[in-house]
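Engineer: Please find one structure pasted underneath; my questions will follow.
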């Protein structure tokens, strides 16, 4: 892990495709801060209620309690004066205002950890992630495994028949693909392999 600065705040961004382990890494960092007896608050967009209304949950079912917010500004309103670490999951759903919110929190001497998609289902940059990447001190790019060819995957292949840019979903709506196997239109799911390993 990085050598963290002392007596200042900073911004860490964990980005990547669906199923790359972004939320799992966010939860790991939050748990380490809690083990270190730091005061932590975690936030998530209200729109993301896939697994739990009041928790950030990874696809592998790791979880940490979180406060759902409709807008990025609510984070500032709900932030306690003694908070030392802030975690924000699915940050791409909070819109452009989240960039200034993160800057404001970091300027108060708080460590801010954001996790989210850096590309939409068409492989285009997913704002505000490019702006957050530009102002952050630390960046972690997570890769998944392409379900078609097994190569490292950095794209989210949409399976659901929708052209909406924002479509909250899990394994029934998306799968990880590499740049070669990814297409910009929704497709049928890749048939599962080796299921007998888990019998």
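Residue numbers (the working numbering): 2 to 200.
Positions of the beta carbon are idealized from the N, C-alpha and C atoms, including for glycine.
Treat the numbers as computed from the prediction; the structure is a model and nothing was measured.
1) Determine the contact status of residue 46 and residue 71, defining contact as a CB-CB distance below 9 Å.
2) Taking the continuous beta strand (DSSP E) assigned at residue 160, which residues delimit it?
3) So does the region 131–141 actually touch the region 16–36, counting three or more Cβ pairs closer than 8 Å?
4) Should residue 13 go down as buried or exposed, given a rule of 16 or more other Cβ atoms within 10 Å for buried?
5) Enumerate in chain order the residues of its own chain whose CB-to-CB distance from residue 32 is below 8 Å, with the five nearest sequence positions on each side excluded.
6) What's the call for residue 42, buried or exposed, on a 16-neighbour Cβ count within 10 Å?
7) Going by CA-CA distance only, name the one from 129, 191, 116 that's closest to residue 30.
8) Report, in whole angstroms, the separation of the C-beta atoms of residue 106 and residue 86, which I expect to be a contact under 8 Å.
9) Kindly indicate which three-state DSSP category residue 25 falls into: helix, strand or coil?
10) Where do the ends of the alpha helix (DSSP H) carrying residue 140 lie?
11) Roughly how many angstroms lie between the CA atoms of residue 90 and residue 131, to the nearest whole one?
12) In chain order, what residues of the same chain lie with their CB nearer than 8 Å to the CB of residue 40, ignoring the 5 residues before and after it?
13) Return yes when the Cβ of residue 133 is within less than 9 Å of the Cβ of residue 111, no when it is not.
14) Since I believe residue 156 is in contact with residue 124 (beta carbons under 8 Å), could you give me their beta-carbon distance rounded to a whole number of angstroms?
15) Per DSSP, residue 175 is paired with what?
Structural biologist: The structure says:
1) yes
2) Element bounds for residue 160: n/a, residue is neither H nor E.
3) yes
4) buried
5) 65
6) Result: buried.
7) 116
8) Actually they do not touch by this definition, with Cβ atoms about 10 Å apart.
9) helix
10) Looking at the DSSP string, residue 140 is not in any alpha helix (DSSP H); the run it does join, the beta strand (DSSP E), is 139–143.
11) Each residue's alpha carbon lies about 16 Å from the other.
12) 81, 83, 84, 85, 86
13) no
14) Contact between residue 124 and residue 156 is confirmed by a C-beta separation of about 5 Å, below the 8 Å threshold.
15) In DSSP, residue 175 forms a bridge with 159.
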